[in-house]
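**Q**
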Amino acid sequence: TFISLAYCLTIHKTQGMEYETALIPMTFSHFIMHNTKLLYTAITRAKNMCFVVGEDEAFKSACKKIEVTKRETVINDMMG
Numbered sequence: 064t065f066i067s068l069a070y071c072l073t074i075h076k077t078q079g080m081e082y083e084t085a086l087i088p089m090t091f092s093h094f095i096m097h098n099t100k101l102l103y104t105a106i107t108r109a110k111n112m113c114f115v116v117g118e119d120e121a122f123k124s125a126c127k128k129i130e131v132t133k134r135e136t137v138i139n140d141m142m143g
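In terms of our numbering, the sequence shown has 80 at position 17, counting the first letter as 1, and numbering is strictly consecutive.
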């Protein structure tokens with residue numbers, strides 16, 4: 064068999080973990096989450112093989128959307 068028992072996790076839950084194989088579904092149903100950072104995180108969870116399945120346009124959309132996160136900190140205030 065090609066597919067055995069597996070678990071479904073969100074990309075956020077898999078950060079810092081590795082799996083032999085990853086299957087990443089791509090649809091426009093969660094288009095708000097499409098960005099290069101999350102796609103990179105999803106793909107790099109796989110040690111051996113990674114399959115991205117679904118809508119081509121959803122994948123292309125994620126590849127084009129670069130999200131820059133501005134972090135709010137008080138470190139500059141603390142340093143003087």
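Don't be surprised by glycine CBs; every beta carbon is placed ideally from N, CA and C.
Between E118 and the rest of its own chain, which residues show a CB-CB distance below 7 Å, the 5 nearest in sequence each way excluded?
**A** Taken in chain order, the residues that qualify are M89, T90 and F91.
**Q** In angstroms with no decimal places, state the Cα-to-Cα distance between G79 and R108.
**A** 8 Å
**Q** Please report the straight-line C-alpha distance between M112 and N139, rounded to a whole angstrom.
**A** Their backbone Cα atoms lie some 43 Å apart in a straight line.
**Q** In chain order, what are the residue ranges of uninterrupted alpha helix (DSSP H) at least 4 long that sit wholly in the region 93-138?
**A** 99-106 and 119-127
**Q** Can you check DSSP and say which residues form a bridge with T77?
**A** In DSSP, T77 forms no bridge with anything.
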